[in-house]
Amino acid sequence: MSTALYRRYRPETFADVIGQEHVTDPLMQALRSGRVNHAYLFSGPRGCGKTTSARILARCLNCEQGPTPTPCGQCDSCTALSRGGAGTVDVIEIDAASHGGVDDARDLRERASFGPAQSRYKIYIIDEAHMVTPQGFNALLKIVEEPPEHVKFIFATTEPEKVIGTIRSRTHHYPFRLVPPARLQEYMEQLCAAEGVRVEPGVLSFVVRAGGGSVRDSLSVLDQLMAGSDESGLTYERAAALLGFTDGELLDAAVTAFGADDAAGVFRVIDSVIETGLDPRRFVEDLLERFRDLIVVAAAPDGAAAILRGLPGDQIDRMRQQSATFGPASLSRAADIINAGLTEMTGATSPRVQLEIIAARVLLPAAAGESGYAARLDRLERRLDVGGVPTSEGGSPPPPRRRHPSRPCPR
1 MSTALYRRYR PETFADVIGQ EHVTDPLMQA LRSGRVNHAY LFSGPRGCGK TTSARILARC
61 LNCEQGPTPT PCGQCDSCTA LSRGGAGTVD VIEIDAASHG GVDDARDLRE RASFGPAQSR
121 YKIYIIDEAH MVTPQGFNAL LKIVEEPPEH VKFIFATTEP EKVIGTIRSR THHYPFRLVP
181 PARLQEYMEQ LCAAEGVRVE PGVLSFVVRA GGGSVRDSLS VLDQLMAGSD ESGLTYERAA
241 ALLGFTDGEL LDAAVTAFGA DDAAGVFRVI DSVIETGLDP RRFVEDLLER FRDLIVVAAA
301 PDGAAAILRG LPGDQIDRMR QQSATFGPAS LSRAADIINA GLTEMTGATS PRVQLEIIAA
361 RVLLPAAAGE SGYAARLDRL ERRLDVGGVP TSEGGSPPPP RRRHPSRPCP R
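If you use the UniProt record's numbering, the sequence shown corresponds to residues 1 to 411, in order.
In structure tokens, the structure reads:
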């Protein structure tokens with residue numbers, strides 16, 4: 001049985017942690033200078049490296065060559081705390097979701113007074129720290145404030161505001177962040193190369209979107225795609241179907257129809273969405289994403305490739321052509337309507353009707369106020385660019401028709 005990707009590639013040093021340099025660099029400097037605090041609070045969204053960084057910090061502190069920012073990886077402590085290692089009795093991980101009561105806190109306080117068995121420090125990693133009860137935090141307060149020289153505390157939580165202030169004020173707080181899409185995609189490209197898996201263009205963009213900036217979630221999605229792939233590798237079509245994203249051809253058809261004011265074409269696309277079993281809300285999310293990309297292409301045609309780094313070059317060229325069929329006001333208005341419609345679709349009993357209403361609002365600018373006027377001007381300008389100004393045979397516009405004064409009606 002294979003090990004999950006996020007476990008197989010779990011970082012073992014701070015240098016391996018991606019997207020958290022604002023945390024790892026100060027921690028490494030503190031280790032170099034010997035200014036390590038007795039308690040830390042790591043906070044941030046799930047899957048961004050809090051618990052992993054806590055384990056790395058424990059490894060750095062208990063390395064035989066340490067405390068050091070670069071653990072040797074050879075000593076007993078480093079081996080025990082390595083990826084897939086057996087662990088050590090001196091690094092204790094506690095799940096506060098199930099051990100957050102006052103009795104658990106008192107037990108921890110009593111055990112912390114004993115020295116480490118074989119390492120330099122006894123380190124407590126308290127995961128899901130926001131689940132500790134107020135009574136539990138109060139029981140821990142004294143030992144967190146004035147711990148023995150051999151004890152270090154690392155609290156990890158997704159909700160730092162639920163950690164009582166008296167504990168927070170006694171820790172060094174490091175907020176973790178979601179990893180930027182470009183950095184995460186680059187990392188997954190490296191993993192796919194290491195695994196020897198071929199990946200079609202656009203697949204990793206789906207994975208990044210599905211992971212939402214969480215490294216663990218993204219690697220879980222990638223692992224799922226790899227598990228179901230054959231010798232052809234990770235294909236765009238299979239990834240779109242499995243993750244529920246809209247196929248690019250369907251989005252192209254919708255955008256082309258909107259740009260040409262082809263109402264019949266738009267509603268044919270909606271029929272295809274329903275017939276293929278695609279979630280209408282997901283389609284609207286993907287359509288909004290596409291209009292956002294079109295706005296970027298229209299606003300920065302020369303720099304679009306650098307901004308939209310996850311997209312293949314031929315798709316960016318195609319979007320340049322699509323954005324040219326809209327005016328700036330039309331693009332912005334369509335994105336606003338789709339965004340508002342996406343909010344209205346939450347809890348809708350008939351998503352198809354909501355989707356059709358969104359399409360109708362985009363197609364009928366006369367139904368809107370000032371934004372509709374700008375969209376209609378864009379539409380007129382596009383038609384004039386294509387057909388030119390109608391003129392008479394002599395090359396000048398026809399003279400205005402003379403209006404005769406109305407005669408008074410006889411009484």
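Ideal Cβ positions, reconstructed from N, Cα and C, are used throughout, including at glycine.
None of the values given here were measured: they were computed from a predicted structure.
Bridge pairing for P175: S43 [DSSP]. For the stretch 298 to 370, the full-length alpha helix (DSSP H) segments reaching 4 residues or more read 304 to 307, 313 to 324, 328 to 344, 351 to 363 along the chain. T157 is bridged by DSSP to S43. Its Cα nearest to that of N62, the residue D90 stands out among D90, P45, G85.
Judged by DSSP in its simplified three-state form, G85 adopts coil rather than helix or strand. The C-alpha of L242 is placed about 21 Å away from the C-alpha of R352. CA-to-CA, the gap between Q74 and I123 works out to about 20 Å. Sequence-distant partners of I154 (beyond 5 residues in either direction) whose C-beta falls short of 6 Å from its own C-beta, in its chain, are Y40, A54, I125. Secondary structure at E145: helix, using DSSP grouped into helix, strand and coil. Comparing alpha carbon positions, the residue from P134, H173, S119, N138 closest to H22 is H173. With contacts defined as CB atoms closer than 7 Å, G47 and R216 qualify as a contacting pair. If only uninterrupted beta strand (DSSP E) runs of at least 3 residues are considered, those enclosed by the stretch 170 to 258 are 172 to 175. Taking P71 as the centre and dropping the five residues before and after it, the same chain places the C-beta of R59, C60, C63, C78 closer than 6 Å to its C-beta, in chain order.
The criterion of a C-beta distance shorter than 7 Å is not satisfied by I56 and Y187.
Residue pairing for Y124: DSSP places it in a beta bridge opposite I92, F153. Nearest Cα to R320 within the set D252, T157, V36, T52: D252.
At least 7 Å separates the beta-carbon of A97 from that of T88. Nearest in C-alpha terms to S205, of all of A4, E189, G259, E344, is E189. Annotated three-state conformation of R10 is coil, per DSSP. For S272, the enclosing alpha helix (DSSP H) starts and ends at 263 to 275. M28: member of the alpha helix (DSSP H) spanning 21 to 33, first to last residue. Contact between the stretch 162 to 172 and the stretch 188 to 203 is absent: fewer than 3 CB-CB pairs across the two stretches fall below 8 Å. When the five nearest sequence neighbours on each side are left out, the beta carbons in the same chain lying within less than 7 Å of the beta carbon of A129 are those of A96, F155, A156, T157, V163, in order along the chain.
For Q135, the secondary structure class from DSSP, reduced to helix, strand or coil, is helix.
Three or more pairs of CB atoms, one per stretch, sit closer than 8 Å, so the stretch 126 to 146 contacts the stretch 102 to 112. With respect to R198, G233 sits close: the two C-beta atoms are nearer than 7 Å. Taken through DSSP and simplified to helix, strand or coil, A260 comes out as coil. The beta carbons of A298 and L331 sit closer together than 7 Å. For V102, the uninterrupted alpha helix (DSSP H) run begins and ends at 102 to 112, by DSSP. Excluding residues up to 5 positions away in sequence, L141 lie with their Cβ nearer than 7 Å to the Cβ of T166 in the same chain. Taking C-beta separations shorter than 8 Å and ignoring five residues to either side along the sequence, the partners of G34 in its chain run P67, following chain order. Nearest C-alpha to E200 among P175, G213, A240: A240. For H130, the secondary structure class from DSSP, reduced to helix, strand or coil, is helix. Distance from the CA atom of H38 to the CA atom of H150, rounded to whole angstroms, is 9 Å.
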